[in-house]
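J.: Input: one structure, supplied below.
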Amino acid sequence: MKKFLKIGLIAALFFTATGVHANDDNFTPNVKSEKNKFIRFSIGKAEDVNLSFVGSDQEVLFEENIHSSAASSKVYDLNALPDGNYVLKIESDLKLAKYTVTIKNGKAMVSEPKISNVFKPVYTLKDEVVTLNLENLDKSPIEVKVYNEYNDEVYYEVFKDRTQLTKKFNISKTDSKELTFMVKFKDESFVKTIQTY
262 MKKFLKIGLI AALFFTATGV HANDDNFTPN VKSEKNKFIR FSIGKAEDVN LSFVGSDQEV
322 LFEENIHSSA ASSKVYDLNA LPDGNYVLKI ESDLKLAKYT VTIKNGKAMV SEPKISNVFK
382 PVYTLKDEVV TLNLENLDKS PIEVKVYNEY NDEVYYEVFK DRTQLTKKFN ISKTDSKELT
442 FMVKFKDESF VKTIQTY
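If you read the sequence shown in our numbering, its first letter stands for residue 262, the second for the next number, and so on.
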């Protein structure tokens, strides 16, 4: 009977932990070093992500769009790469994480995320109004620029000390066929082009 209760308790804890992880809404990729020059990328829920591996000269060495309909894992072989530092960039529609991957003496080591859970700008277009929403938990300065299709700057503003930015743009009176929004914060740039009609 005691053995049955122990097994039941262990099973309950396992299913509870699994349920908490599966219901986590945060973009939290798990990158683990493997023996030799292999890294494992795991994602805990259904999500579309872009994974890219960048060299020290900012050249994209490998890029893959991953569509995951459930929790998944994949191993990447880095044996073709020489010793050095690389950046593993993982990006979803809403978030971005960067890891430093160091290859040395035949082994790959992965750092903690350099940029952890940077929320990306979210744009909505409704009734000729574009709304820009952005979470900025550490209150870094946010630079917003808008360009027309001729690359003329039509809007510029820097927002400071904001944890949440919501900015509305009325596009009903613009002659532009498209507007390009450039948002810079935390040493990252995010660009989105929106068709106005």
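Where is the CB? At the ideal position from N, CA and C, for every residue including glycine.
1. Residue ranges of each beta strand (DSSP E) run of no fewer than 3 residues wholly in the region 363-437, ordered along the chain?
2. Please confirm if the region 341-352 is in contact with the region 297-316, defined as three or more CB-CB distances below 8 Å between the two stretches.
3. With a cut-off of 8 Å, do at least 3 Cβ pairs link the region 360-376 to the region 395-405?
4. Measuring CB to CB, does Val379 end up less than 8 Å from Lys335?
5. Distance, Cα to Cα, Phe302 vs Ala332?
6. Mind checking who Glu320 pairs with in its DSSP beta bridge?
7. Just the Cα atoms here: how many angstroms apart are Lys406 and Val362?
8. Distance, Cα to Cα, Val390 vs Glu439?
9. Who are Tyr337's beta bridge partners in DSSP?
T.: Reading from the atomic positions:
1. 368-371, 376-380, 383-387, 390-396, 403-408, 414-420, 425-431
2. yes
3. no
4. no
5. 11 Å
6. Answer is none; Glu320 lacks a bridge partner.
7. 33 Å
8. 13 Å
9. Ile300
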